[in-house]
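Report on the following structure.
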Amino acid sequence: MASSHFHDRLLVAAEETVSGAFHLFWGGSLAAILSAVCAILVARLLGPELYGIYSLTLIVPGFLTLFTDYGVSQALTRFIALYKSRGGGTHIILLLRVGLIFNILTCLIMFTVGFILTEPLTVLLINRPEIASLVRLTLILILLQPLSSATGCALLGFGDVKKLAIIDVIRQAIRTIVSPLLIVLGFSVFGALVGYILAFMIGTIISLVLALRCSRSIEKPYLNPGLGRVLLEMLSYGLPLYLSSILGSFTATLRGVILAYFTTNVLIGNFHTAMNFTILITLISSPIATVLFPIFSKLRSSEASIMFTYSVKYTSSLIIPVAVFVAVMSRDLVFLFYGVDYSYAPLYLALYALSFLFVGFGLAVLGSFFSGIGDSKVNLKATLLSVGIFIPSAVALTGTMGVEGMLTAIILATASSTIYSLWVATRKYSLRIDLKSSVNIYFATLLAVAPIIPIALYSSMLSIVNLTLAAILYLVAYLTVIPLLKVLTREDLENLTRIFSKVVVIQPIVKIISSYESKIMELIDMRNKPSINS
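Once you know that position 39 of the sequence shown is 38 in numbering that gives the first Met the number 0, the rest is easy, because the numbers rise by one and skip nothing.
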């Protein structure tokens, strides 16, 4: 009886993960499309010079926003999910109140600093004193962006992922409509910025209202354990995650500096073009990691351990094949969207996609696990190790190998942080990955990719034709191979069919794939069944 209850709780957690990840996937995809359309329209309407000014004005508020929140938003996700699963309504109300007040206060302080020091900051950061008035307008974002992030994290903690995805789409839709419209009406850069700010303002108001509405159903606190103690608890958890984020931003900036010092403008353009295609992978990996964060916060240690093992297996079976497909078909992907002038980008994309192969060792899950159980310091240590490996290797390898050296440094840094996090998870929490399944997933992907290599290397057909044909062949081959190699068992198929069937939109696809896998398994059983004569 207890075992059945345990199994049911894990299945419910898995259903929440898949449902939430799907909502973030479609929301993120649609928001990314709208954002790209807006960027293209604004860039074309403004022209290169004014679009450059538009981009530069956002640097100052972006810089000042770094000194707000201090990880309290992530703490809201963690503790709201934790106390909600344990019936701790009193704590939830207090956490939300303290978190939002602290967030708003830090935003007001940095907004005031920015408003007073607009001119010197404009000169220091972008060396464009003539656009200080536009920069002052964008300082409103210092009040909006962190609050939007905090309320969004609260919604994630409450488990309201669908509304979180919708808010992102609404924000990008407003921006896509208003910014180009105001430019056409003659407001130029000012109009583009107003559209950007208005979109964030509306999105922030909606998310704030929804977060407060979620809290209304929670029992109000009768006892006040002390606002200072609650804030200290949130900061002690959130600060390591905040510092990890700062280090990530620093690394991205340093990456650009190193490339600028050792390579040419043409190669840098090819590098950034290749990076744009990683969205094909992160649109899958990021929603999963985001949703697993509050899920791990809710589970008991024994449940979290099993959930971790299955999460690594199932995310690997999705992300590794996508990463390999992107790597193998990189030439057609780049040439289809950017043209043949970006001749170096396919190689760069193929190399960068290799970094996602560490998903088989927990890359997409480990960060969410440690954040979810409250051990955020492990994430900070992993980030410090990654940065410590990246800086010297990037300088040395980029200096000798160019962009290929930079990509090698990125792979080394990713490997080091993943191995460290997995070591801590194994040693401190007795977690394990299903190494046999991971190896079989790599092998299945290798077998499935074999039929499309000739297309990638030798086909002279249009890129869109190559990609379509390769995607179909690859999908069929992969779905055929995974039951043969026992990557997918009958138990897995039953669990996954139940989990994915909860998402109504993809039910027809789930039924087709489930039926196909069942027939493959039946053929395997018939082949393995001993004959009567023997």
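Where is the CB? At the ideal position from N, CA and C, for every residue including glycine.
Asked, Found
"What separation, rounded to the nearest whole angstrom, lies between the Cα atoms of Leu456 and Glu403?", "20 Å"
"Contact between the stretch 121-131 and the stretch 69-79: three or more CB pairs below 8 Å?", "no"
"Helix, strand or coil for Ala251 per DSSP?", "helix"
"From Ile139 to Leu492, what distance separates their C-alpha atoms?", "50 Å"
"What is the rounded straight-line gap between the Cα of Gln506 and the Cα of Ser18?", "12 Å"
"Let me know the secondary structure DSSP gives Arg228 once reduced to three states.", "helix"
"Cutting at 7 Å between CB atoms, please list the residues of its own chain near Met520, excluding the five before and the five after it.", "Pro482 and Arg489"
"May I have a chain-ordered list of the alpha helix (DSSP H) segments no shorter than 4 residues that lie completely inside the stretch 146-212?", "160-181"
"Determine the closest residue to Leu93 out of Ser243, Ser354 and Leu230, with distance taken between C-alpha atoms.", "Leu230"
"Contact defined as beta carbons within less than 8 Å: I believe Val290 pairs with Val160. What is the distance between those atoms, to the nearest angstrom?", "6 Å"
"In three-state terms, what does DSSP make of Tyr343?", "coil"
"Would you give the residue range spanned by the alpha helix (DSSP H) that Gly398 belongs to?", "Ser375 to Met400"
"If you run the structure through DSSP and keep just helix, strand and coil, what is Val558?", "Here the chain comprises residues numbered 0 to 533, so residue 558 is not present and cannot be evaluated."
"Looking only at C-alpha atoms, which of Ala424, Val36 and Leu45 sits nearest to Val311?", "Ala424"
"Excluding sequence positions up to five away, which residues of its chain have a Cβ less than 8 Å from the Cβ of Val386?", "Leu246, Phe249, Thr250 and Ala412"
"Closest to Ser206 by CA distance: which of Leu238, Asp167, Leu40 and Phe189 is it?", "Asp167"
"Quick check for students: name the residue ranges of the alpha helix (DSSP H) that lie wholly in the stretch 61-121, counting only runs of 4 or more.", "71-84 and 88-115"
"With a Cβ-Cβ cutoff of 8 Å, do Gly359 and Tyr260 count as a contact?", "no"
"Can you give me the Cβ contacts of Asn378 inside the same chain, cut-off strictly under 7 Å, excluding the 5 residues immediately before and after it?", "Pro239, Leu240, Ser243, Gly366, Phe369 and Ser370"
"When you compare only the Cα positions, how much space is there between Leu538 and Tyr236?", "For the chain, the structure presents residues 0 to 533; residue 538 sits outside this window and is missing."
"Here's the rule I'm using: 16 or more other beta-carbon atoms within 10 Å means buried, otherwise exposed. How should Asn264 be labelled?", "exposed"
"Given a cut-off of 8 Å on the beta-carbon distance, is the pair Phe21 and Ile283 in contact?", "no"
"Excluding sequence positions up to five away, which residues of its chain have a Cβ less than 7 Å from the Cβ of Leu317?", "Ile283"
"Compare the Cα-Cα distances from Leu192 to each of Val256, Leu298 and Ile52 and report the closest residue.", "Ile52"
"Closer than 8 Å by C-beta to Leu466: which residues in its own chain qualify, once you throw out the five before and the five after it? Chain order, please.", "Met328, Asp331, Leu332 and Leu335"
"Does the beta-carbon distance from Asn269 to Ala322 come in below 8 Å?", "no"
"How big is the Cα-Cα spacing for Arg135 and Thr262?", "35 Å"
"Can you give me the C-alpha to C-alpha distance between Ser304 and Tyr428, rounded to a whole angstrom?", "8 Å"
"Tell me which residue opens and which closes the alpha helix (DSSP H) that Glu490 is part of.", "Arg489 to Ser500"
"How many Å lie between Ile165 and Ser84 at the Cα?", "24 Å"
"Check each candidate in Thr76, Asn527, Val502 and Ala476 and name the one with the smallest Cα separation from Tyr515.", "Ala476"
"Checking 8 Å against the spacing of the C-beta atoms, do Leu55 and Ile141 come in under that value?", "no"
"Considering only residues of the same chain and omitting the five flanking positions on each side of Leu40, which have a CB-CB separation below 6 Å?", "Pro179"
"Within 10 angstroms of the Cβ of Phe101, are there 16 or more other Cβ atoms? Answer buried if so, exposed if not.", "buried"
"Quick one: residues in its chain with C-beta nearer than 6 Å to the C-beta of Gly401, no 5 flanking neighbours on either side, listed in chain order?", "Thr262"
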